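Q: Below is one structure. I have some questions about it.
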Amino acid sequence: MRQLPHIFRLQQALQVLSQRTDVLPAVGGATEEELHPDIDEIEDGKITKDDTLLDEPFEFGQSDTYVPLQPLKRTEEHLFRYFQDGSMRSFFAGTALEHDRQTPVIIGQVGCAALEREDNGRLKIAVHRQRNLLLVAFSQISEPVRNKLQEIVANLGPDYELADIEAHGQATQDLRRRAEDSMRQAMILAEAETMVAVLESKPEGWLVCDGSIRFAKFFEELGRICGTEQPRVVSVAKNFSKTPRFKLGRGGKGREVNLWQLLADLPEGNRTLAWKARTRDRTVAVWYLRLRLRRYMDYPLMGVIKVELPVLGADPPTSELVTKLSNALLAERTVTPHGMDRRWHAHLYPVFQAERCVKNSFVSVSTLRAGLHWPPAQPARRTP
Amino acid sequence: MSNESKIIGRASATEKTPNQSNEFSFWLAPDVLVNPFDIVEAESYRGSKTYGLVLNLEHSTDASTHLSNYISNNFGEATEDPQTPRQGTTVAKCGVMSNTDEIYMPVPSEARIRFADAAGILKALGADAIRDENKIPAGLIEMSNGTKAPCFLDARYLLGPEGAHMNISGISGLATKTSYVMFLLTATLQRYADADKTAVILLNVKHDDLLHIHEPNDRLTPPDLEMWQALGLEAKPFPAERVHYLLPNGKHTANTGRPNSHATPDIPFDIYAYALANTKDKLDLLLGHVPDAWDTMRALIGEVQQKLEHPGKDPNWSSVKTWQGLLDGPGLVDQKENKTRQVGEVAAITVNRFRRILRRIVQTRQSGIFVDQLSRNHCDLGEKIRAIKGGHIYVVDIYNLKDEEKTLVFGDILRTIYTLYAESDVAEEDLPKKVIIFVDELNKYAPEGTKGSPILDQVLEVAERGRSLGIVLFGAQQFLSAVHDRVTGNCSTTLLGRTNAAEMAERNYRFLNPDIKAAATRLEKGQLILNHAVFREPVKIKFPHPAYRQPA
């Protein structure tokens with residue numbers, strides 16, 4: 001297995017920052033940055049902000065709003081063999097000061113793992129990508145410092161990256177919050193690389209990605225690999241935007257419902273009709289599937305997942321394919337990460353394990369503090 | 385060679401269960417089968433290997449509660465199989481046995497784990513240091529991967545002088561305890577360097593179990609024979625010319641010529657009996673069970689023994705020659721007034737009690753072992769024992785005897801042997817170097833919680849001083865806790881057969897790890913847990929069926 005890059009090698013970069021800027025170390029050492037509690041939903045909201053009304057059924061073969069499913073067990077047909085999820089963890093190391101400019105110094109780890117499920121059900125790692133990042137606001141440090149940092153990080157290899165905090169997010173945001181957006185972009189990149197590695201190296205079996213697949217990088221790679229053919233990949237979202245509305249029925253009999261209304265009557269083991277959704281030129285068939293018995297759930301939307309199937313050609317997927325994929329997803333309801341993740345009701349266990357695999361490879365804050373630290377302050381040498 | 389064997393897992397140290405100098409854990413690779421008592425080797429520091437005994441295995445998954453598992457099965461859908469089996473692993477907990485370089489640093493996490501090979505097993509036990517002439521096969525260690533290794537006892541610790549005595553316990557009915565002792569005696573007489581100078585005395589306590597030890601066992605199966613061979617032993621009975629059967633006299637022996645035994649051996653045997661003349665110095669053994677809070681009975685026995693030893697000093701005792709004479713003769717009863725006499729300082733009331741109890745033992749409820757005079761067909765057991773020879777086996781049958789008679793016979797044997805070795809002026813070269821005495825139901829003679837009985841004193845003498853004299857006690861009983869601590873505490877070799885959980889909770893088993901205790905409750909027939917002075921951990925062994933004929 002490929003050796004994962006080690007975050008401690010970024011110590012050299014901290015050395016440079018310490019020597020060439022004034023540093024205010026984080027009190028008590030590096031601290032882990034908290035992620036927004038509903039970040040998945042927020043992210044889904046961003047990527048689907050144009051989906052205000054999903055009015056175009058996007059499957060060929062049937063038009064019912066709800067479609068009953070039968071779990072498709074791996075022992076009958078092992079459809080989904082790969083499951084991937086990405087994760088990230090970042091630490092606030094301190095603040096670098098140059099004159100009246102200042103930037104938070106963030107050390108981050110992003111990664112993505114795809115697990116392969118063997119025919120006997122056993123999971124193993126198929127692909128694992130990890131990248132270590134040093135994030136500073138480029139506009140807040142001088143060019144010589146930035147150049148030196150870039151030189152050092154570049155020498156560490158492709159798994160290390162010096163990232164600009166301000167490259168993503170909004171100008172009005174706090175820099176530490178914007179760093180999260182930059183981290184997320186790096187994670188999406190790692191996810192896209194992982195997906196490509198799976199699709200290119202594994203000739204059979206479908207891949208389940210966690211979250212949304214509607215990012216440009218994904219479609220760019222899918223287009224390159226599959227052309228206009230149907231890619232062997234779906235994405236599954238546990239938390240999703242509640243804003244879209246849906247048009248049920250055709251013509252004059254058609255009516256619009258919101259997500260709550262749509263899902264309120266969705267029985268367990270059923271899926272909804274697939275609709276066409278787009279983010280710019282990236283088209284997906286999107287539908288919802290209820291995995292769990294409603295009577296056991298605290299909340300009507302619990303136990304429901306949102307599924308996106310990328311469509312590269314002009315034609316919609318067949319209802320047969322959508323139902324088959326749904327059947328296979330329904331079978332994934334056993335087992336669950338109940339007790340380990342509050343989103344257990346909509347979490348697919350192998351995806352959860354992929355996430356765990358990535359997180360387990362990250363260093364903890366105590367390890368980071370032990371291995372990465374600011375060098376002792378040295379008096380600046382000034383020329384007379 | 386062991387380095388080429390398959391890796392079965394990796395050591396695992398966690399925050400909550402760190403590896404320590406005396407124990408470590410490892411997770412098992414999928415499809416690997418490991419059982420408690422398997423011996424494994426872990427790669428350790430500086431190329432050394434740490435050997436561990438598997439004590440227990442735990443399987444855990446990432447389910448935080450049973451409820452999670454219920455929910456995971458679609459809320460109790462018992463028929464639906466999981467699409468992805470839950471992540472779980474089996475972890476084996478091991479007790480550290482040894483390290484090849486005496487490095488007792490905890491086994492590092494991720495260390496590769498393999499099954500120990502046969503040489504590794506001996507090294508792990510510490511049995512590799514036993515010199516060949518001291519190796520006595522004790523059974524076969526069988527591991528889950530099929531590896532078999534003979535397990536050896538160190539004769540210096542089994543038969544002295546470093547340690548001595550063996551005790552075996554376990555529930556009855558599995559035919560394990562006696563069979564094992566007989567196996568170990570066979571192994572000793574076949575492999576011990578001084579076997580020709582080692583005599584064995586066996587007490588037959590059940591039917592005719594030990595009355596055919598010179599006859600071959602026709603029912604040995606090929607696996608039995610393989611096991612005998614694997615242990616480097618010949619599956620043959622004890623040589624008939626070296627086996628001596630000493631059987632008790634019965635009430636009808638005089639008429640039938642048959643001893644009071646369940647069966648009669650097909651080779652010559654001796655019939656032993658007790659007349660007053662050869663019992664007078666053992667009266668304390670005969671009456672040892674009588675409650676004697678004020679020592680009056682003991683004082684009387686002393687007085688009576690004195691009188692019997694020196695009958696000329698008191699005319700009333702000169703005619704006391706038989707049991708009848710003792711009970712009703714002038715020694716204890718005033719013949720004119722027909723009243724019980726005071727004997728020395730002992731009041732008549734105690735003498736009456738003595739007569740009453742002794743009469744019951746030697747007359748009214750006796751099995752036939754007590755005779756007025758020894759006939760030509762009778763032998764004196766003590767004399768036979770005094771003539772003991774190295775390399776010979778003496779089987780003394782006590783099965784049909786009453787409890788007091790059994791105590792007398794066992795006490796007679798112990799006292800005779802002890803006297804022979806500790807006090808007698810018999811030349812050392814005329815005595816066997818070692819005498820092994822095997823008795824089943826040892827708890828009858830040395831029960832826990834008693835003190836001051838003549839037979840117990842005799843057993844304790846042997847247990848505590850026999851090691852240096854060359855007298856070795858092999859004892860067996862159902863419950864170790866029922867035997868006197870000072871007896872079991874002096875045993876350098878302890879074996880456990882299947883034992884119930886209540887018994888395992890007794891303090892006598894504190895030396896065992898709780899996991900081994902649990903394993904002892906589920907041992908199968910023919911399996912034992914062996915703890916030997918030179919072993920670092922107890923091991924589970926198997927042994928073959930005896931090579932002599934066992935009655936159906």
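Protein chains in written order, with my numbering: chain A, 1 to 384; chain B, 385 to 936. Ideal Cβ positions, reconstructed from N, Cα and C, are used throughout, including at glycine. Bear in mind the structure is a predicted one, so any value in this text is a computation, not a measurement.
If you measure beta-carbon to beta-carbon, which residues of the segment 280-313 of chain A are closer than 8 Å to chain C?
A: Among the chains of the structure shown, chain C does not appear; the protein chains present are A and B.
Q: Checking the sheet assignment: what are the DSSP bridge partners for F653(B)?
A: DSSP, once it has assigned bridges, lists Y629(B) as partnering F653(B).
Q: Can the beta-carbon of V746(B) be found less than 9 Å from the beta-carbon of L670(B)?
A: Yes, the pair counts as a contact, with Cβ atoms nearer than the cut-off.
Q: Taking only beta-carbon atoms, is M888(B) less than 9 Å away from chain A?
A: No - not a single Cβ of chain A is within 9 Å of the one on M888(B).
Q: Hey, would you say L259(A) sits closer than 9 Å to L301(A), going by beta carbons?
A: Against a cut-off of 9 Å, the Cβ pair of L301(A) and L259(A) comes out as a contact.
Q: Using only CA atoms, which one of F919(B), T706(B), K828(B) lies nearest to L537(B)?
A: Among F919(B), T706(B), K828(B), the Cα nearest to that of L537(B) is on F919(B).
Q: What residues in the segment 437-464 of chain B bring their beta carbon closer than 8 Å to a beta carbon of chain A?
A: Residues passing the 8 Å Cβ filter: D446, A447, S448, T449, L451, S452, N453, I455, S456, N457, N458, F459, E461, E464.
Q: For C875(B), name the three-state secondary structure that DSSP assigns.
A: Residue state, collapsed to three classes: coil.
Q: Tell me whether G766(B) is buried or exposed, calling it buried when 16 or more other Cβ atoms sit within 10 Å of its Cβ.
A: Its Cβ being crowded by 16 or more others within 10 Å, G766(B) is buried.
Q: Give the single residue among G393(B), A539(B), G554(B) whose Cα lies nearest to the Cα of R575(B).
A: Checking every option, the nearest Cα to that of R575(B) belongs to A539(B).
Q: Straight-line CA distance for V688(B) to K664(B)?
A: Those two C-alpha atoms are separated by around 8 Å.
Q: 9 Å is my cut-off, CB to CB: does A370(A) come that close to chain B?
A: Answer no: the Cβ-Cβ gap between A370(A) and chain B never drops below 9 Å.
Q: Taking A500(B) as the reference, which of L441(B), T434(B), L524(B) has the closest Cα?
A: The residue with the shortest Cα to Cα distance from A500(B) is T434(B).
Q: Exposed or buried, which one is N239(A) when buried takes at least 16 other CB atoms within 10 Å?
A: Buried is the call here.
Q: Report the option in E229(A), H338(A), A137(A) whose CA atom is closest to the CA atom of L175(A).
A: Selected option, being the one with the closest Cα: A137(A).
Q: Does Q404(B) come out as helix, strand or coil in the three-state DSSP assignment?
A: It is coil, neither helix nor strand.
Q: Flag Q353(A) as yes if its beta-carbon sits less than 9 Å from any beta-carbon of chain B, otherwise no.
A: At least one chain B Cβ lies under 9 Å of Q353(A).
Q: Give a yes or no on whether 9 Å exceeds the smallest Cβ distance from V136(A) to chain B.
A: For V136(A), the answer is no, since every Cβ of chain B falls outside 9 Å of its Cβ.
Q: Does DSSP put A274(A) in a helix, a strand or coil?
A: Three-state result, A274(A): coil.
Q: Counting only Cβ-Cβ distances shorter than 8 Å, please list the residues of the segment 464-492 of chain B near chain A, keeping chain order.
A: Those would be E464, D465, P466, Q467, T468, P469, R470, Q471, in chain order.
Q: In chain order, which continuous runs of the beta strand (DSSP E) of length 3 or greater are located wholly inside the segment 517-601 of chain B?
A: Counting whole runs of 3 or more residues, the segment 517-601 of chain B contains the beta strand (DSSP E) stretches 519-526, 532-538, 550-553, 582-588.
Q: If I measure Cβ to Cβ from A647(B) and keep anything under 6 Å in the same chain, skipping five residues before and after, which residues do I get?
A: Excluding residues within five positions, the ones whose Cβ falls inside 6 Å are D592, L595.
Q: Which residues of the segment 408-432 of chain B have a Cβ closer than 8 Å to any Cβ of chain A? Give them in chain order.
A: If the cut-off is 8 Å between Cβ atoms, the segment 408-432 of chain B has P414 near chain A.
Q: Which of the three DSSP states is assigned to P350(A) in this structure?
A: Correct three-state label for P350(A): helix.
Q: Which chain B residues are close to T367(A), counting only those with a beta carbon under 8 Å from its beta carbon?
A: Residues of chain B passing the Cβ test: none, with the nearest at roughly 13 Å.
Q: Does the beta-carbon distance from A904(B) to L914(B) come in below 9 Å?
A: Result no, Cβ atoms of A904(B) and L914(B) do not sit closer than 9 Å.
Q: Indicate whether at least one CB of chain B lies closer than 9 Å to the CB of H373(A).
A: With 9 Å as the cut-off, H373(A) does not count as an interface residue toward chain B.
Q: So which residues on chain B does P68(A) lean against when the C-beta distance must stay under 8 Å?
A: Within 8 Å Cβ-Cβ: nothing; P68(A) doesn't reach chain B, min ~16 Å.
Q: Would you mind reading off the limits of the beta strand (DSSP E) that contains H916(B)?
A: Run containing H916(B): 911-916, per the beta strand (DSSP E) assignment.
Q: Taking L123(A) as the query, report the chain B residues whose CB atoms sit under 9 Å from its CB, ordered along the chain.
A: In chain order: T468, P469, Q471.
Q: If you draw a straight line from the C-alpha of K924(B) to the C-alpha of R122(A), how long is it?
A: Between K924(B) and R122(A), the C-alpha separation is close to 34 Å.
Q: What residue from G252(A), L248(A), L293(A), A26(A) has the CA that sits closest to W287(A)'s CA?
A: Checking every option, the nearest Cα to that of W287(A) belongs to L248(A).
Q: Name, going along the chain, the residues of the segment 314-339 of chain A whose beta-carbon falls closer than 8 Å to a beta-carbon of chain B.
A: Against chain B - using a Cβ distance shorter than 8 Å - the residues of the segment 314-339 of chain A are A331, E332, R333, T334, V335, T336, P337, H338, G339.
Q: Excluding five sequence neighbours on each side, which residues of the same chain lie with their C-beta closer than 6 Å to the C-beta of E221(A)?
A: The answer, listed in chain order, is A192, V196.
Q: What is the C-beta distance between L24(A) and T95(A), in whole angstroms, given that I count them as a contact (C-beta under 8 Å)?
A: Indeed they touch by this definition, with Cβ atoms about 4 Å apart.
Q: Measuring alpha carbon to alpha carbon, tell me which residue in P545(B), G523(B), A413(B) is nearest E494(B).
A: It is A413(B) whose Cα lies nearest to the Cα of E494(B).
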